[in-house]
Amino acid sequence: MTIDSPDFRVAVADLEGFIARILHRAGADAASAQAVTRALVTASRMGTDSHGLRLLPHYIQALQGGRINGRPKMQFSQRLPATGYLDADDGLGHLAGYTAMAHAADMAEKVGLGAVAVGNSSHFGAAGCYALAAAERGLIGMAFCNSDPFVLLHEGRSPFHGTNPIAFAAPVNGQAPYLLDMATSSVPWNRVQQYGAIGRELPDQVAADAAGRVTRTPAEVSALLPLGGSDFGFKGAGLGGMVEILSSTLSGMLNGFRLLPMGGPDMATPRGVGHFFLAMNPDAFNGNASFETCLREYLEDLRAQPANEGAEVLAPGDREWRCLGMRDAKGIPLDRANQAAYAALAEQFDVEPLTPVR
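For the sequence shown, the numbering used here assigns the number 1 to the initial residue and increments by one for each residue that follows.
Written out as structure tokens, the structure is:
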């Protein structure tokens, strides 16, 4: 199969092995490489390609430039029975995210709740990965992160907030977790880059040009609109501010407006990104059996609701779990841009290139 094949798919295990080997050769320690691989492959398995395998070249560039510490000595300090702070030592945000959520989950299992603020971190990919890590332990999980300015304020002309995601996951007994993972902008910035790479036009009311005018052409985009677009963007802007306070303010980091741009050109100076993670133990409220019963009934009622013609009512996460099942069976697709990027990484680090599923 040629490098520009439109149907280039790789097995999950092959992709995991490739990403881990590239990260190791780029200077990441075993724990960092494992965390990044877990997060990127999880996102791509669920169809969140904008925050999945596409990001590997960026992380390699940041590692090699010195912006990210590939061998961090992260330090966790527990302040109260249910709170703590993780200094990520300028490491990869994926390791910081999984580490912080593990500490939050440990506290939640003991005292019902666990909350961890993270400072001196970096981009952590898809926020849903860390909420999901809590749900996999039978807990409710939430994850938040700030970023450099990409998003207009409502009625604003200049970017101020980052895409500042919110993720929420809850365990469903016998089923895949309920999983909400959303940017507080109309779309994530990576979606604009992804659409530009494949020559696709953006939806309406999601992005603006340098003059603040709505545009659907990726090459013209200089900012994103907050969730709600031109008319109702005060909702997304408000949620973006809430995430900012939880992420940067609690962790003592710079607010997103003052962060160095993720895309450079400075790839040597650490950015100091902040995160926030919350884990809750359902058993600490009204009993786990009650929670399981009520959540299952809620989801049954939701999915049974009438849909528009040709459509289907889905719960958050349903589409992602279907995609995961299909991609686990048929392989994870790489578009032409990612095929070229991964071939270049293989050559740069003298690693066996990815072989497509036949």
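Every residue, glycine too, gets a C-beta built ideally from N, C-alpha and C. Predicted, not measured: the structure shown is a model, and the values here were computed from it.
- prompt: Could you check where the beta strand (DSSP E) with MET182 kicks off and where it finishes?
  reply: Counting from one through the sequence shown, the residue named residue 182 turns up at place 182. Note, MET182: beta strand (DSSP E), 175-182.
- prompt: Buried or exposed: which applies to ALA13, given that a residue is buried once 16 or more other Cβ atoms fall within 10 Å of its Cβ?
  reply: The residue you call residue 13 lines up with position 13 of the sequence shown. Exposed, since its Cβ has fewer than 16 Cβ neighbours within 10 Å.
- prompt: Per DSSP, which one or two residues make a beta bridge with ALA315?
  reply: Position 315 of the sequence shown, counting from 1, holds the residue named residue 315. Its beta-bridge partners do not exist; DSSP assigns none.
- request: Please check the pair GLN75 and ASP90, which I expect to be a contact at CB under 8 Å, by giving their CB distance rounded to whole angstroms.
  value: Against the sequence shown, residue 75 aligns to sequence position 75. Against the sequence shown, residue 90 aligns to sequence position 90. Not confirmed; about 12 Å, so no contact.
- prompt: Under a three-way DSSP split, which group does LEU259 fall into?
  reply: Working through the sequence shown from its first residue, we reach residue 259 at position 259. Three-state DSSP puts LEU259 in coil, outside helix and strand.
query: Got a sec, what are the start and stop residues for the beta strand (DSSP E) PHE277 sits in?
result: One-based indexing of the sequence shown puts residue 277 at position 277. Element bounds for PHE277: 273-280.
query: Among residues of its own chain, excluding the 5 on either side of GLY381, which ones have a beta-carbon nearer than 6 Å to its beta-carbon?
result: This structure leaves residue 381 out entirely; the chain is present only between 1 and 358.
- prompt: Using 8 Å as the threshold, is the region 137-147 in touch with the region 162-182, meaning 3 or more CB pairs across them?
  reply: yes
- prompt: Tell me the DSSP bridge mates of ILE140?
  reply: To locate residue 140, count along the sequence shown from 1; it is residue 140. MET280.
- request: Give the straight-line distance between the Cα atoms of ALA210 and ARG258, rounded to the nearest whole angstrom.
  value: The sequence position of residue 210 within the sequence shown is 210, counting from 1. The sequence position of residue 258 within the sequence shown is 258, counting from 1. Looking at the two C-alpha atoms, the distance is approximately 19 Å.
Host alpha helix (DSSP H) of LEU153 (start-end): Against the sequence shown, residue 153 aligns to sequence position 153. Counting along the chain, LEU153 falls outside any alpha helix (DSSP H), and DSSP gives it neither H nor E.
message: Assuming GLN363 is part of the alpha helix (DSSP H), what are its boundary residues?
response: Residue numbering for the chain in the displayed model covers 1 to 358; residue 363 lies beyond these limits and cannot be assessed.
query: How would you call ASN190, buried or exposed, if buried means at least 16 neighbouring beta carbons within 10 angstroms?
result: For this step, residue 190 is matched to residue 190 along the sequence shown. Its Cβ being crowded by 16 or more others within 10 Å, ASN190 is buried.
query: Mind checking whether the beta-carbon of ALA88 lies closer than 7 Å to any heavy atom of the ligand COA?
result: Inclusion of the ligand COA in the displayed structure is not the case, the ligand content being empty and no account of it being possible.
task: Tell me whether LEU302 sits in a helix, a strand or coil according to DSSP, three-state version.
output: Indexing the sequence shown from 1 puts residue 302 at position 302. LEU302: helix per DSSP, three-state reduction.
- prompt: Can you name, in chain order, every residue of its own chain whose Cβ lies under 6 Å from the Cβ of ALA117, other than the five neighbours on each side?
  reply: Counting from 1 along the sequence shown, the entry for residue 117 is found at position 117. Excluding sequence neighbours, ALA117 sits near TYR85, LEU250, SER251 and PHE276.
message: Which residue wins for smallest C-alpha separation from PRO218, given the options ALA126, GLY196, ALA337 and SER230?
response: As a working note, residue 218 is residue 218 in the sequence shown. Per the Cα distances, GLY196.
query: At what residues does the alpha helix (DSSP H) containing ALA28 begin and finish?
result: For the purposes of this step, residue 28 is taken as the residue at position 28 of the sequence shown. Unbroken run through ALA28: none, as it is neither H nor E.
- prompt: Would CYS294 be called buried (16 or more neighbouring beta carbons within 10 Å of its own) or exposed?
  reply: By one-based count along the sequence shown, residue 294 stands at place 294. The residue is exposed, with fewer than 16 neighbouring Cβ atoms inside 10 Å.
task: Provide the residue span of the alpha helix (DSSP H) that contains ILE60, from first to last.
output: As a working note, residue 60 is residue 60 in the sequence shown. That run of the alpha helix (DSSP H) goes 56-65.
message: Given a cut-off of 8 Å on the beta-carbon distance, is the pair ALA108 and ALA279 in contact?
response: As a first step, residue 108 must be located in the sequence shown, where it is residue number 108. As a first step, residue 279 must be located in the sequence shown, where it is residue number 279. Yes, the pair counts as a contact, with Cβ atoms nearer than the cut-off.
message: Taking the alpha-carbon of ARG21 as reference, which of ALA11, VAL10, ALA284 and GLN34 has the nearest alpha-carbon?
response: As a position in the sequence shown, residue 21 is number 21, starting the count at 1. Cα-wise, what sits closest to ARG21 is GLN34.
field: Separation of GLY240 from GLY162, as counted between CA atoms
entry: The count along the sequence shown starts at 1 and reaches residue 162 at position 162. The count along the sequence shown starts at 1 and reaches residue 240 at position 240. Looking at the two C-alpha atoms, the distance is approximately 7 Å.
message: Classify TYR59: buried if its beta carbon has 16 or more other beta carbons within 10 angstroms, exposed otherwise.
response: Within the sequence shown, the letter at position 59 stands for residue 59. By the neighbour-count rule (16 or more Cβ atoms within 10 Å), TYR59 is buried.
message: For ALA133, which residues in the same chain have their Cβ closer than 7 Å to its Cβ, ignoring the five residues on either side in sequence?
response: As a first step, residue 133 is located in the sequence shown; it is residue number 133 there, counting from the start. Contacts found: TYR98, MET101 and GLY141.
field: Rounded separation between PRO57 and ALA115 - CA only
entry: Here residue 57 corresponds to residue number 57 of the sequence shown, with the count starting at 1. Here residue 115 corresponds to residue number 115 of the sequence shown, with the count starting at 1. If I take the Cα positions, the gap works out to 32 Å.
query: What do you get for PHE18, buried or exposed, if any count of 16 or more other CB atoms within 10 angstroms of its CB means buried?
result: Reading the sequence shown from its first residue, position 18 is the one you call residue 18. By the 10 Å Cβ count, PHE18 comes out buried.
field: Cβ separation of VAL10 and LEU334, assumed to be a contact under 8 Å, to the nearest whole Å
entry: Walking along the sequence shown from the start, residue 10 turns up at place 10. Walking along the sequence shown from the start, residue 334 turns up at place 334. 7 Å between Cβ atoms; contact.
- prompt: Taking Cβ to Cβ, would you say GLY47 is nearer than 8 Å to GLU320?
  reply: The residue you call residue 47 lines up with position 47 of the sequence shown. The residue you call residue 320 lines up with position 320 of the sequence shown. Yes. Within cutoff.
message: Using the three-state DSSP reduction, which class does GLN194 fall into: helix, strand or coil?
response: The count along the sequence shown starts at 1 and reaches residue 194 at position 194. In this structure, GLN194 counts as helix in the three-state DSSP scheme.
task: Check the C-beta distance from ALA39 over to HIS94 and give it rounded, since I have them as a contact under 8 Å.
output: Taking the sequence shown and counting its residues from 1, one reaches residue 39 at position 39. Taking the sequence shown and counting its residues from 1, one reaches residue 94 at position 94. That pair is a contact at about 4 Å.
message: Less than 8 Å between the beta carbons of LEU224 and SER186, yes or no?
response: As a first step, residue 224 must be located in the sequence shown, where it is residue number 224. As a first step, residue 186 must be located in the sequence shown, where it is residue number 186. Contact: yes.
- request: Take the Cβ of ARG54 as the centre, count every other Cβ of all protein chains shown within 10 Å, and call the residue buried at 16 or more, exposed below.
  value: Taking the first residue of the sequence shown as 1, we reach residue 54 at position 54. Burial call: buried.
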